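So the protein lines, in turn, are chains A and B. Sequential numbering of the first sequence, starting at 1, is according to UniProt numbering. Sequential numbering of the second sequence, starting at 1, is according to UniProt numbering. Think of the CB as a built atom: it goes at the ideal place given N, C-alpha and C, for glycine as much as any other residue. Note that the structure is predicted; figures quoted are calculated from it, not measured.
2 protein chains.
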Amino acid sequence: MTDSQPDLRERTRRAVQKEIAEAAHALFVERGYEETTVGDIAAAVGMSQRSVFRYFPTKEDLIVGKFDLVADDMLRVLRERPAGEPVWESMRRTFDLLVPYVDAPGRRQVAEPMQRIVFSTPTLLAGYLQKLQLLQDAADTALRERAAAAGAPYRAGDPTPRAIIGAAFACLLAAQHAWLADGAEGTFAAAIDRAMTTVTPVTDMR
Amino acid sequence: MTDSQPDLRERTRRAVQKEIAEAAHALFVERGYEETTVGDIAAAVGMSQRSVFRYFPTKEDLIVGKFDLVADDMLRVLRERPAGEPVWESMRRTFDLLVPYVDAPGRRQVAEPMQRIVFSTPTLLAGYLQKLQLLQDAADTALRERAAAAGAPYRAGDPTPRAIIGAAFACLLAAQHAWLADGAEGTFAAAIDRAMTTVTPVTDMR
DNA sequence: GTCGAACTTGACATCGACTGACAAGTTCGA
DNA sequence: TCGAACTTGTCAGTCGATGTCAAGTTCGAC
Numbered sequence: 001m002t003d004s005q006p007d008l009r010e011r012t013r014r015a016v017q018k019e020i021a022e023a024a025h026a027l028f029v030e031r032g033y034e035e036t037t038v039g040d041i042a043a044a045v046g047m048s049q050r051s052v053f054r055y056f057p058t059k060e061d062l063i064v065g066k067f068d069l070v071a072d073d074m075l076r077v078l079r080e081r082p083a084g085e086p087v088w089e090s091m092r093r094t095f096d097l098l099v100p101y102v103d104a105p106g107r108r109q110v111a112e113p114m115q116r117i118v119f120s121t122p123t124l125l126a127g128y129l130q131k132l133q134l135l136q137d138a139a140d141t142a143l144r145e146r147a148a149a150a151g152a153p154y155r156a157g158d159p160t161p162r163a164i165i166g167a168a169f170a171c172l173l174a175a176q177h178a179w180l181a182d183g184a185e186g187t188f189a190a191a192i193d194r195a196m197t198t199v200t201p202v203t204d205m206r
Numbered sequence: 001m002t003d004s005q006p007d008l009r010e011r012t013r014r015a016v017q018k019e020i021a022e023a024a025h026a027l028f029v030e031r032g033y034e035e036t037t038v039g040d041i042a043a044a045v046g047m048s049q050r051s052v053f054r055y056f057p058t059k060e061d062l063i064v065g066k067f068d069l070v071a072d073d074m075l076r077v078l079r080e081r082p083a084g085e086p087v088w089e090s091m092r093r094t095f096d097l098l099v100p101y102v103d104a105p106g107r108r109q110v111a112e113p114m115q116r117i118v119f120s121t122p123t124l125l126a127g128y129l130q131k132l133q134l135l136q137d138a139a140d141t142a143l144r145e146r147a148a149a150a151g152a153p154y155r156a157g158d159p160t161p162r163a164i165i166g167a168a169f170a171c172l173l174a175a176q177h178a179w180l181a182d183g184a185e186g187t188f189a190a191a192i193d194r195a196m197t198t199v200t201p202v203t204d205m206r
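Below, the structure is given as structure tokens:
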């Protein structure tokens, strides 16, 4: 058993948060993201606009907010990968954490429209890309530490780790595009595998 | 001779635009991007806030606006690359268009602080990444057309072109980071070359 | 049970980016 | 020189986001 009762307050907070997010998603799908006002969302759940911002720091977070938590987990997974493992493989295993959010039973119905909204709304796409970039920054630090600990540190101005990490994330994005282009048939995991075999690091170990 | 006098109105417009941008840059460097109001910029050049928005659609464009024009040129260069050329090489040659903006004599003094501002300001970074993404979308289309014209089209759901293009842009970003991390010593062109040798497409021709 | 601290909420005000509308002035060519 | 086209400032308004304050509401110590 994990933490069963993480405080009543926290539980109701999560519940309200979920309610807001779901109302927002419904409106976004119905009218579009830009066309939906935070006031509209507030009205839909019967609270003030001010209160919506008490649960979500920005309107963007109503859609891409949960990603921050996943990103933390991904970073943890990456750090726990064995030091001798090829970087490309470490990245692939890190992306595994994303898979259940899409491939788990019943998940596709939610994930597909969300991804379509993100990729078709400029400001949301920008926000998403920025979050990916932050994660890449952290991954870069992690891999440099790992290399240093293994006695083969990268020079500060060596583009290698960032380039490899960036290429891996580019494959992730290509996988998302391909998955959507194919009408979300097949598993997301397979899409990632396919994308990550089209590109490869030149020397993948340290 | 190119177009020597593209209309007086257009010339003065460009001049005013440049004046606004330079005033903005000065303020951004001095106080930071978020801390500078569009009203401040307007006051600095002695016009109304409304008029600044007549020359630049958004505050972001005061910094990353010129990139749109360069992106058009890059796309044109990419399309003019020979059909049989390896994609990775085509991308590298496309990036050549960026080089003079940084490596040309006297350019570094301007380019370096700008890049630092972009990479350290979340909203600017997001905007920049989104513009790169748009360019990648267009490049994806271009390369698919090129492959189709050569009699070896990609399947709609094939992640290959996007993955390779994305990897190339990841190297570009890694090059920028590395260049900045090294204090902008050396040429940007060399930084790109270094980054683009760390990763490579698996099969690079169609 | 009760009381006070901690938390939550709505209401109001403000800021900054941005947009529409209008009126006044400037420029340019027929 | 006259009128169309363009530019500008001003004003008002929208929307996302933040600070403040005065109600409640909840929760634990007593």
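- [ ] Specify whether the region 180-189 of chain B and the region 72-87 of chain B touch according to this definition: at least 3 beta carbon pairs, one from each stretch, less than 8 Å apart.
- [x] no
Task: Contacts that P122 (chain A) makes with chain B (C-beta to C-beta distance below 9 Å) - done: Q130, L134
Task: Short-range partners of chain A found in the region 97-116 of chain B, where Cβ spacing is below 7 Å - done: none
TODO: Grab me the residues of R81 (chain A)'s own chain with a C-beta within less than 7 Å of its C-beta, minus the 5 sequence neighbours each way, in chain order.
DONE: S90, R93
TODO: For Y33 (chain A), I'd like the list of residues in its chain whose CB is within less than 7 Å of its CB, leaving aside the five on either flank, ordered along the chain.
DONE: I117, T121, L124
Open item on the list: Contact criterion: CB-CB distance below 8 Å. Does P159 (chain B) meet it with respect to chain A?
Closed with: yes
- [ ] Determine contact between the region 126-138 of chain A and the region 11-28 of chain B, defined as no fewer than three beta-carbon pairs at a distance below 8 Å.
- [x] no
Open item on the list: Which residue marks the beginning of the alpha helix (DSSP H) containing V64 (chain B), and which one marks its end?
Closed with: 61-64
Task: Proximity test, Cβ basis, 8 Å: D3 (chain A) and chain B - done: Low local confidence applies: a pLDDT of 35 at D3 (chain A) is under 50, so the model's placement there is unreliable, with the coordinate-based value given in what follows. Not one chain B Cβ lies under 8 Å of D3 (chain A).
Open item on the list: Quick check: what's the CA-CA separation for A147 (chain B) versus A168 (chain B)?
Closed with: 18 Å
- [ ] With a 10 Å radius around its C-beta and 16 neighbouring C-beta atoms as the bar for buried, classify P105 (chain A) as buried or exposed.
- [x] exposed
Task: Under 7 Å from the C-beta of V202 (chain B): neighbouring residues of chain A - done: T197, T198, V199, T200
Task: Which listed residue (B:C171, B:L180, B:L173, B:T160) has its alpha carbon closest to that of C171 (chain A) - done: B:T160
Open item on the list: In this structure, how does DSSP classify P161 (chain A) when only helix, strand and coil are distinguished?
Closed with: helix
Task: Where Q49 (chain B) falls, given that 16 or more other Cβ within 10 Å makes a residue buried - done: exposed
TODO: List the residues of chain B whose Cβ lies closer than 8 Å to the Cβ of R182 (chain A), in chain order.
DONE: Looking at the sequence shown, residue 182 (chain A) is not Arg but Asp. Near D182 (chain A) (Cβ distances below 8 Å), the residues of chain B are A156, G157.
Task: Beta carbon of V45 (chain A) nearer than 8 Å to that of P113 (chain A) - done: no
Task: Member of B:D193, B:D204, B:I192 whose CA lies at the smallest distance from the CA of T197 (chain A) - done: B:D204
Task: Interface residues of the region 25-45 of chain A facing chain B [CB-CB below 7 Å] - done: none
Task: Own chain partners of F119 (chain B) with C-beta closer than 8 Å, once the 5 adjacent residues on each side are dropped - done: L125, Q176, H177, L180
Open item on the list: Measuring alpha carbon to alpha carbon, tell me which residue in A:A191, A:A152, A:I165 is nearest A138 (chain A).
Closed with: A:I165
- [ ] Note the first and the last residue of the continuous beta strand (DSSP E) segment covering T200 (chain A).
- [x] 199-201
Open item on the list: Please report the straight-line C-alpha distance between I63 (chain B) and A156 (chain B), rounded to a whole angstrom.
Closed with: 35 Å
- [ ] Could you name the residues of the same chain whose beta carbon sits closer than 8 Å to that of W88 (chain A), not counting the 5 residues immediately before and after it, in chain order?
- [x] I164, A168, M196, T200, P201, D204
Task: Under 9 Å from the C-beta of F169 (chain B): neighbouring residues of chain A - done: G166, A170
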